[in-house]
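**Q** In our numbering, the protein residues as written are 722 to 911. Just so you know, even glycine gets a beta-carbon here, dropped at the ideal spot from N, CA and C. One structure coming up, written as structure tokens, with questions to follow.
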């Protein structure tokens, strides 16, 4: 029987994250810990720490939604994907600074977040020091007694080992399941 670390993996139908083969267990575990730590930092409003400790300055952070058309539908020439966010490090930094400025209306009264990260798979990309991770997430945002929003999405991340030896997030592509936001807004880091 073959070791799980050497099993070839078929590419994702979306083709957005190169998925050649599973990463070794030690790297897989390190990536899992990074994703769990990221969720904790974001849930506890430690956004500056998230930016400094998790995010690489070369980041591309995308949130896309897809229009779910009939498979045989051919009359639309427009792309099925719509970018809700397509941010770089400067945009993410501005969002974090806005949160801490006291000028963002969503901060007072405060919101509470719970991010659940599951179904984590980690793959080698073929590039030295770089891996790809795919995970499914549920983010729950509560504010006051009657404002509860839930967001379900899939994340495809590219993680790279930085000069200090730790992994950093260099690319995130979030496949947001909803075509339009059912919650009050999407003013949050997914």
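1. Please report the straight-line C-alpha distance between residue 843 and residue 744, rounded to a whole angstrom.
2. Please look up how many angstroms separate the CB atoms of residue 869 and residue 861, rounded, as I've assumed it's under 8 Å.
3. With DSSP run on the structure shown, which of helix, strand or coil describes residue 738?
4. Is residue 773 buried or exposed, if buried means 16 or more other CB atoms sit within 10 Å of its CB?
5. Hey, would you say residue 911 sits closer than 8 Å to residue 872, going by beta carbons?
6. Should residue 826 be labelled buried (16 or more other beta-carbon atoms within 10 Å of its own) or exposed?
7. Considering only their Cβ atoms, is the gap separating residue 775 from residue 759 smaller than 8 Å?
8. For a quick check, are the C-beta atoms of residue 881 and residue 847 less than 8 Å apart?
9. Rounded to the nearest angstrom, how far is the Cβ of residue 764 from that of residue 835, given a contact under 8 Å?
**A** With the given structure in hand:
1. Across the structure, residue 843 and residue 744 are spaced so that their CA atoms are roughly 6 Å apart.
2. Yes, they are in contact, since the Cβ atoms of residue 869 and residue 861 sit about 7 Å apart, within 8 Å.
3. Only weak support exists for where residue 738 lies, its pLDDT of 47 falling under 50; the value from the coordinates is given anyway. DSSP places residue 738 in coil when its eight states are reduced to three.
4. exposed
5. yes
6. exposed
7. In this structure, residue 775 lies closer than 8 Å to residue 759 by Cβ.
8. no
9. 6 Å
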